[in-house]
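Right under this line is the structure:
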């Protein structure tokens, strides 16, 4: 990947929309199934499928670092954490596969979703040179012009996250690590050492 | 140049076709009826995802997507193992 002054002119092939359309249907179906399935074990399994779809979405949007995080967490960590949680619960013994939908709740959530969707139009398009992000060129233009020279990272987002904001990301990693250690203490299981 | 565009289109069409197949497999994941059916369906969707990511990497010329595909190929079995242990020895996930 070349680092130029105007990196926004990434050509997006048109037929990508076919993949995106199929992916959109897939993610939507998995999300609805996750919300409506009654069996919590089935919810965990379908949620893993949802995570797979989201990872492809991130990959299509050319954010491979986010896609890899989603891959590692969605395929492994989330499932195990949720399984540990439902090990303490009971499963409903009913023939119904899907949960009944509460009408009032559906209206409230639908209205909330409509408000959220109304904001989507305000997002700048991919590669939009006129978007708000460019109104402060002292910041954004600097990262794009000198990100590679300063950090040696080709991906500008990764350069900001791991380079310029390195200490911030390090702090986040510390918090996650502490949370993981605390979880292990709560569960009283020594995962990394086996006798 | 047109030749390369054709190849890209072909790769993206294949990726779209695989995504449609994933939607088909979703039926088994939702319908069940047993957890084993669902785990198997999601495992197939996971393998499907690896293929889609690899095809997209070839179609878009983004080699970094291959890394994501590799991570998935390596971690795809984890859910099956965890749920198998969960159903056999209830609660013994780790």
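Protein chains in written order, with my numbering: chain A, 834 to 1028; chain E, 5 to 98. Backbone N, C-alpha and C fix where the C-beta goes; we use that ideal spot for every residue, glycine too.
Rounded to the nearest whole angstrom, the C-alpha separation of residue 887(A) and residue 940(A) is 26 Å. Spatial neighbours of residue 72(E) in its own chain (CB-CB distance under 8 Å, excluding positions within 5 residues in sequence) are listed in chain order as 57. As the crow flies, the alpha-carbon of residue 62(E) is around 25 Å from that of residue 992(A).
For residue 11(E), the enclosing alpha helix (DSSP H) begins and ends at 6 to 35.
For residue 862(A), the secondary structure class from DSSP, reduced to helix, strand or coil, is helix. Going by DSSP, residue 911(A) is part of the alpha helix (DSSP H) stretching over 911 to 919. Taking a Cβ-Cβ threshold of 7 Å, the residues of chain A close to residue 56(E) are 889, in chain order. The Cβ of residue 878(A) sits closer than 9 Å to at least one Cβ of chain E.
Taking C-alpha positions only, residue 90(E) is separated from residue 972(A) by approximately 50 Å. Following the DSSP letters along the chain, one finds residue 901(A) inside the alpha helix (DSSP H) bounded by residues 897 to 905. One Cα belongs to residue 1003(A), the other to residue 997(A), and the distance between them is close to 11 Å. In the structure shown, residue 870(A) adopts extended strand secondary structure according to DSSP, grouped into three states. In the DSSP assignment, residue 83(E) falls within the alpha helix (DSSP H) that extends over 68 to 92.
Taking residue 919(A) as the centre and dropping the five residues before and after it, the same chain places the C-beta of 873, 874 and 877 closer than 8 Å to its C-beta, in chain order.
Think of a sphere of 7 Å around the beta carbon of residue 26(E): the chain A residues whose beta carbon falls inside it are 859, in chain order. The three-state reading of DSSP puts residue 931(A) in strand, counting E and B together. The beta-carbon of residue 17(E) is placed less than 9 Å from the nearest beta-carbon of chain A.
If you compare the alpha carbons of 884(A), 938(A), 950(A) and 895(A) with that of residue 906(A), the shortest gap goes to 884(A). Residue nearest to residue 990(A) within the set 854(A), 902(A), 898(A) and 1005(A) is 898(A) (criterion: CA-CA distance). With 16 or more neighbouring CB atoms inside 10 Å of its own CB, residue 42(E) falls in the buried class. Residues of chain A with a Cβ closer than 7 Å to the Cβ of residue 72(E) are, in chain order, 888, 892, 897, 900, 901 and 904. Between the region 15 to 33 of chain E and the region 1000 to 1019 of chain A, the count of Cβ pairs shorter than 8 Å is below three; the stretches do not touch.
For residue 866(A), the residues of chain E that pass the 9 Å Cβ criterion are 30, 33 and 34, in the order they occur in the chain. Residue 863(A) reaches chain E at 30, counting residues in chain order whose Cβ is nearer than 7 Å. Between residue 881(A) and residue 908(A), the C-beta gap is smaller than 9 Å, which places the two residues in contact.
If you draw a straight line from the Cα of residue 986(A) to the Cα of residue 943(A), it comes to about 42 Å. DSSP, read as helix, strand or coil, puts residue 961(A) in coil.
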